[in-house]
Every structure is written in C-alpha cells, then in structure tokens.
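Take a look at the structure set out below.
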Amino acid sequence: MAKAALGWSNPMIAEKTGLHRNTLNRAENGDGKRSTLELLRHVFESAGLEFIPENGGGAGIRFRERKLP
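Counting from 2, one number per residue, gives the positions in the sequence shown under our numbering.
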C-alpha cells in the first residue's frame, strides 16, 4: 500500500534501502524481519507518509500534512 501511494517500484525501494529484492518480497508476503519492516517504515515516513494505527480510525496510511509557514 505504501509503495503504491508513492508510486515506487521494488527496484526503487531496493535502491533507497539497500535491501535485496528477495528481502522485499518476504516483507510484502508477511514474512519480513522486524528490522526490515522498521527500515521500510522509516524510508516511507521520510518520503512523507504517515502510518495510521488500528485505533486511530482504521489501520492504513496517509500523506503527512504539511505545515505552512
């Protein structure tokens, strides 16, 4: 969901994270290591996404609001 929101492909994510494509595939299939998932979350958040917890109105993602000066 996050990569689709950003329009990123697995090769792009691999380049930004240094992760191998097999590692990304495992993460997408729900078999990723905690450290991999934390790295992916950090990269997606750095790109402007915000992860919404289940108790925050339903699990999902959204673009972080930009604060105007």
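Every residue gets a Cβ at the ideal spot worked out from N, C-alpha and C, and that includes glycine.
{"query": "With DSSP as the reference, label E51 as helix, strand or coil.", "result": "strand"}
{"query": "Skipping 5 residues on each side, what residues in its chain have a beta carbon closer than 7 angstroms to that of K17?", "result": "V44"}
{"query": "Rounded to a whole number of angstroms, what is the C-alpha to C-alpha distance between G74 and E29?", "result": "Only positions 2 to 70 of the chain appear in the structure, and residue 74 is not among them; the question remains open."}
{"query": "Less than 8 angstroms between the C-beta atoms of A5 and L50, yes or no?", "result": "no"}
{"query": "Roughly how many whole angstroms lie between the Cα atoms of I14 and E55?", "result": "25 angstroms"}
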